[in-house]
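Peer 1: Encoded as structure tokens, here's the structure I'll be asking about.
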Amino acid sequence: MPPSPSFSSEDSDLISALHTLSSKSPKLVKSSTYPAPADPSIIVRSWKMNEFKYYDIPSPFPTLARGLFTREVEGDAEVGEKEEGKGKGKKYQIVVRGYDKFFNIGEVPWTTWSSLETHTAPPYTLSLKSNGCIIFIAALTPTKLIVTSKHSLGPVSGVETSHAQAGEAWVRRYLEGKGRGEEELAGVLWERGWTAIAELCDDSFEEHVLGYPPEKTGLHLHGLNARSKDFITQPHDVVDAFAEEWGFIKTLTKTVHSIQEVKDFTTACAERGEWNGEPVEGFVVRTVVTEPPTSGRSSGSGGDKGKGKEKGKDDPTPPARSPYKPNSSFFFKVKFDEPYMMYRDWREVTKSLLSQRAKNPGARLDPSSLPKSKMRRAETKVYVKWVVREIGRDPAAFGEYNKGKGIISTRERFLKWLETGEGKGGLEEADKEGKEKAEGGDGERKFGKTVIVPVAIPGCGKTAVSVALAHIFGFGHTQSDDVQAKKPAPVFIKNVVNLLSKHDVVIADKNNHLTQHRKALRDATAGLTPPVRLLALDWSAALTALPPATAHRICADRVAQRGANHQSLRVDSSSAEAKKHEEVVWMFINTGEELSESEVDGVVEMTLDEGEGVEGQVRRAVRGVVDVLGVDAPSEEKVREALGVVGAYRPSVMKPDEAKGKKGVGAAASGSGAGTGAGAAGGSGKSPRYFGLLPEVDITALLDARLGADKEDVPPGMRAFWEGLKKDGRVVKRPHVTIVHKNSTESKPSGNGNGNGNGNGNGNGNGNGNGNGNGNGSGNGGGEETKRGVKEAKELWDRCAALHGMTNPAPPLFQARLGRVVCDGRVMAVTFEDLDVASSSSSSSASSSAGSSGAATTTVSTTAAPSGPGEVFVQKLPEEVKQRLHITVGTKTGAVQAVEAKAMVEGLRKFWAGSTGGSSTGKKKAETKTETEVVSLDGVVVYGRVKGLFG
């Protein structure tokens, strides 16, 4: 296929540099590959930079683009312009090009008002900052389009409709409305070398904070970028004309001619909270970079006079040079705190209250457990009282709230109520209480000391963050893992209390993943003078927000990466206990208790983001500590110094290996109703019962979305069965896909494992019924395992064991498509299709692009010779194994064995293979005794690793 006319060697060199940087520093730059939906033969690569490194000068990146998709073209003949070919080898092109990263006022040195006045030039075009998600539209070929979100395209794991898919649906809707075809729009974008950039604002798809009426629902076009290394964007009159021609919604703009005018206009809008009658989140200001110096062009750069700036401070900072080239396009933003931030707080506290209700349906909602950081405004305190009452009065009105539905209507009901006499009275009372606290009345408790309490599991990064905080601020720091005693807990608590006599702030470095751990610290410090604040560094919310398999992979990989650099939980890849750490991580995941806000006096919310790394975690914790404790923010030099200390950290105590061995933990977790315990094998001396793949998916959220009452194609029986599984607590807690069972590697009958099976099943060779219960009948209809079958099972077992045993490099990450939900009234399952390797590399690491994006879909050739253990595994996986792959969602009662799901799936696949088409949704007889209901999942993609598991 010929390249775009805009091909250049400069662009190709840029992408080559990204490949090189990604190989050398995978935590700095990551990429994910996708088959283009419009033409799957074209593989597109999305690039994602470490967000925190955008702040560095000089920039470590060859481009500041945020949203960059590229493709490879091969051979000089395809380059088009010989003088730009630069010889043989790989050539690359930019397919989609987003904006350069831009910052808020005061967020970086070059976006202070004085710096902007110095290095930018008029005119300044202010465009309304839409409250949605960004969508990129470009030409894949002269006749086909590619539509992406910021970093992905096509389907996303665990999501019914991705942002990219929703954006593409709107593009096609506009084309249809204009009576034009995809090839016409693609032709224009191809010829001009543009990426169209829009904001998807559609409350029916996903509600954000600010709502949109029907006439403002859709794609708000706000940019046309050149697909080039340099950031070049079209002026807004060109963008508006393009929107008019193709049916997009225009983005409102205003042009001014000095920085002072920008300040005056945004200040006025911030004070009103609206522009042209619409509530606004802020503005994006578009200008160009000039050759420095350029001061003195406007009416002055005095202190900031309004709310449209950073933290309400003046601007004493001397001008700082921009990292951008002269004459390049340059954006900055002016974000408003109100009412946007307040609305966001209302959304988050409502979600917290609903989660609280889901865990204890009969209990009263407790607002005291809400984050104090979100309860500072009087309006929010009144809102919480109101919404608690509303949830109790009409819980059905909040049924879809946590899925992004009803957020805006709830807020509007409250604002309307706030205008009533009752609402006004409540607000006046809250204002009065706030003033009393500010004046030192019976308000918030005054603290003289602080204990920082990590709430984490191994691999979260708590010690790295603790070491950094201790170095930056001089806090006391004591580690539970340093204690050498038969009963370490009391000694650790004593160490914390002793350090409080020497330090105002002490870090109690322990996982503290159980309520009893946090209570012990509270009890020990409750009677001290001056009063002691407990400040949590909380990873628990981030952990519970992820599928267990994802949390385990991230944390276990981090433990493996640190190797022997720990007091007791050490990884020796040559040891028989190389996977012991995985058991330990599972134990913490299974037993951990999420932090309640009432347990502590303050919270810094931490994340478990693969892309954030140690530096991001440290910076997040520093910001939180500065905000809560009121200490001075450290200099950049001090933070860098602390990161160096973290990198050089070695524990002062190294416990003998026997101590680790005594931690033998049965990490198996019970899977409701289907016997799906999935503790990771390794190091305990026990051999796995079976090997399976742990898909990283929230099965409840996925099926709630697909089987909801609003889905007309879902059979009533299936929906009722699903609701019954949830009500009875029979939904699998940790989904897994069985690959090979230990029993199938032994020469013995497989159809009557416990003497009460039905042997021949129903004559279809599935070994179903209620035989040995392991889901691995011989498939020969007679129940006898042939020598060949045993040999193949043993070989498969060995390949699984080899994958499970990998430590350095990390095991490969696999991907698969969840095809259909199937249910026969006794058991429900999800079919597992198109198993492949998630990355083209032979071993995906924990920070692999596919794992972090949750949506990458790299195509791996199955015709070429396999190049790594993952590819070998996929290529050698027997077809009969592929035909039975599934996730057992749950069984109706404990009397129904999970093996019935295997028989149901095998029977349906035979039916589908023999049919000549038809719907993927409805009812099928197949080769089963009962009618089976089927619903398509429309190609949801999930990821996971092969693990040794225990039943």
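Residue numbers for the sequence shown follow numbering that gives the first Met the number 0, so the first one is 0 and each next one is one higher.
Ideal Cβ placement from N, Cα and C applies to all residues, glycine included.
Predicted model, so just to flag it, every value in this text is computed and none were measured.
1) What three-state label does DSSP hand M374 in the structure shown?
2) If contact is defined by three or more beta carbon pairs under 8 Å, each pair taking one atom from either stretch, is the region 626 to 637 in contact with the region 454 to 465?
3) What's the gap between the Cα of M805 and the Cα of R944?
4) Tell me the residue span of the beta strand (DSSP E) that contains F230.
5) Apart from the five residues on each side of it in sequence, which residues of its chain come closer than 8 Å, Cβ to Cβ, to K350?
6) How would you call R271, buried or exposed, if buried means at least 16 neighbouring beta carbons within 10 angstroms?
7) Going by alpha carbons, who is nearest to P360 out of K726, V939 and R798?
8) Which residue's Cα is closest to the Cα of Y868: T254, P457 and D797?
9) Below 8 Å on the Cβ atoms is my contact criterion, and I expect R70 with V94 to pass it. Report the Cβ-Cβ distance as a whole number of Å.
10) Give me the residue from G526, L534, T254 and M586 with the minimum Cα distance to A507.
11) Should H256 go down as buried or exposed, given a rule of 16 or more other Cβ atoms within 10 Å for buried?
12) Span of the beta strand (DSSP E) holding E611?
13) Which residue marks the beginning of the alpha helix (DSSP H) containing G105, and which one marks its end?
14) When you compare only the Cα positions, how much space is there between A395 and L352?
15) Just to confirm, is the Cβ distance from C554 to G691 under 7 Å?
16) Rounded to the nearest angstrom, what separates A658 and S686 at their Cα positions?
17) Could you compute how far the alpha carbon of E582 sits from the alpha carbon of G716?
18) Which complete beta strand (DSSP E) runs does the region 105 to 165 hold, if anything under 3 residues is left out?
19) Could you check if V624 is buried or exposed, using at least 16 other CB atoms within 10 Å of its CB as the buried criterion?
20) Look at A902 and T887 and say whether their C-beta atoms are less than 7 Å apart.
21) So, for R953: in the same chain, excluding its five sequence neighbours on each side, which residues have a beta-carbon less than 8 Å away from its beta-carbon?
22) Are the Cβ atoms of T252 and S126 separated by less than 7 Å?
23) On the criterion of 16 or more Cβ atoms from any shown chain inside 10 Å, does A1017 qualify as buried, or is it exposed?
24) Assuming V450 and V495 form a contact by the criterion Cβ under 8 Å, report the distance between their Cβ atoms to the nearest whole angstrom.
25) Within the region 35 to 60, note down every full beta strand (DSSP E) run reaching 3 residues or more, in order along the chain.
26) So, using beta-carbon positions, are V873 and D823 closer together than 7 Å?
27) When you compare each of V904, N511 and P122 to I588 by their alpha carbons, which one comes out closest?
28) With a threshold of 7 Å on Cβ separation, who are the neighbours of P366 within its own chain once the five nearest residues in sequence on each side are excluded?
29) Any idea if N130 is buried or exposed, counting beta-carbon neighbours within 10 angstroms, 16 or more meaning buried?
30) Return helix, strand or coil for K509, following the three-state DSSP convention.
31) From the DSSP output, in three-state form, read off S851 for me.
32) Closest by CA to A225, which one among F247, L188 and A163?
33) Pull up the DSSP beta-bridge partners for L199, would you.
34) Using the three-state DSSP reduction, which class does D393 fall into: helix, strand or coil?
35) Within the continuous alpha helix (DSSP H) that includes F413, where are the two ends?
36) Would you kindly report the start and end of the unbroken alpha helix (DSSP H) that includes I456?
Peer 2: Walking through what the data contain:
1) Of the three classes helix, strand and coil, the one that applies to M374 here is coil, per DSSP.
2) With a cut-off of 8 Å, the region 626 to 637 and the region 454 to 465 do not count as touching, because too few Cβ pairs lie within range.
3) Cα to Cα, the separation comes out at about 11 Å.
4) For F230, no beta strand (DSSP E) segment is defined, and its DSSP state is neither H nor E.
5) Annotation for K350: Y400 and N401 place their beta carbon closer than 8 Å to its own, counting only its chain and skipping 5 residues before and after.
6) Exposed, by the Cβ-count rule.
7) For the residues K726, V939 and R798, the minimum Cα distance to P360 belongs to K726.
8) Before going on, a small fix: residue 868 reads as Pro here, not Tyr. Checking every option, the nearest Cα to that of P868 belongs to D797.
9) R70 to V94, Cβ: 5 Å. Contact.
10) It is L534.
11) So H256 ends up on the exposed side.
12) DSSP places E611 in no beta strand (DSSP E); its state is neither H nor E.
13) Careful: G105 lies outside any alpha helix (DSSP H) and carries neither H nor E.
14) Annotation: A395 to L352 spans about 14 Å, alpha carbon to alpha carbon.
15) Contact: no.
16) In this prediction, A658 scores a pLDDT of 42, lower than 50, which makes its location untrustworthy; no coordinate-derived value is stated.
17) Looking at the two C-alpha atoms, the distance is approximately 39 Å.
18) Under the rule that a run must span 3 or more residues, the beta strand (DSSP E) segments found entirely inside the region 105 to 165 read 119 to 127, 132 to 138 and 144 to 147.
19) Per the 10 Å Cβ criterion, buried.
20) Against a cut-off of 7 Å, the Cβ pair of T887 and A902 comes out as no contact.
21) Here the chain comprises residues numbered 0 to 950, so residue 953 is not present and cannot be evaluated.
22) Taking 7 Å as the Cβ cut-off, T252 and S126 qualify as a contacting pair.
23) The question about residue 1017 has no answer, for the chain in this structure spans 0 to 950.
24) At roughly 6 Å, the Cβ-Cβ gap stays under 8 Å, so V450 and V495 are in contact.
25) List check, beta strand (DSSP E) in window: 38 to 48.
26) Cβ atoms of V873 and D823: not closer than 7 Å.
27) Checking every option, the nearest Cα to that of I588 belongs to N511.
28) Correct list, in chain order: V383 and V387.
29) With 16 or more other Cβ atoms within 10 Å, it is buried.
30) Correct three-state label for K509: coil.
31) Any reading at S851 needs caution, since the residue's pLDDT is 31, under 50, leaving its predicted position unreliable; the model's value is listed next. In the structure shown, S851 sits in a helix (DSSP, three-state: H, G or I).
32) Distances from the CA of A225 to each of F247, L188 and A163 were compared; the closest alpha carbon is that of L188.
33) Beta-bridge pairing links L199 to C132 and L218.
34) Three-state result, D393: coil.
35) F413 -> alpha helix (DSSP H) spans I406 to L417.
36) Taken as a continuous stretch (DSSP letters only), I456 belongs to no alpha helix (DSSP H), as it is neither H nor E.
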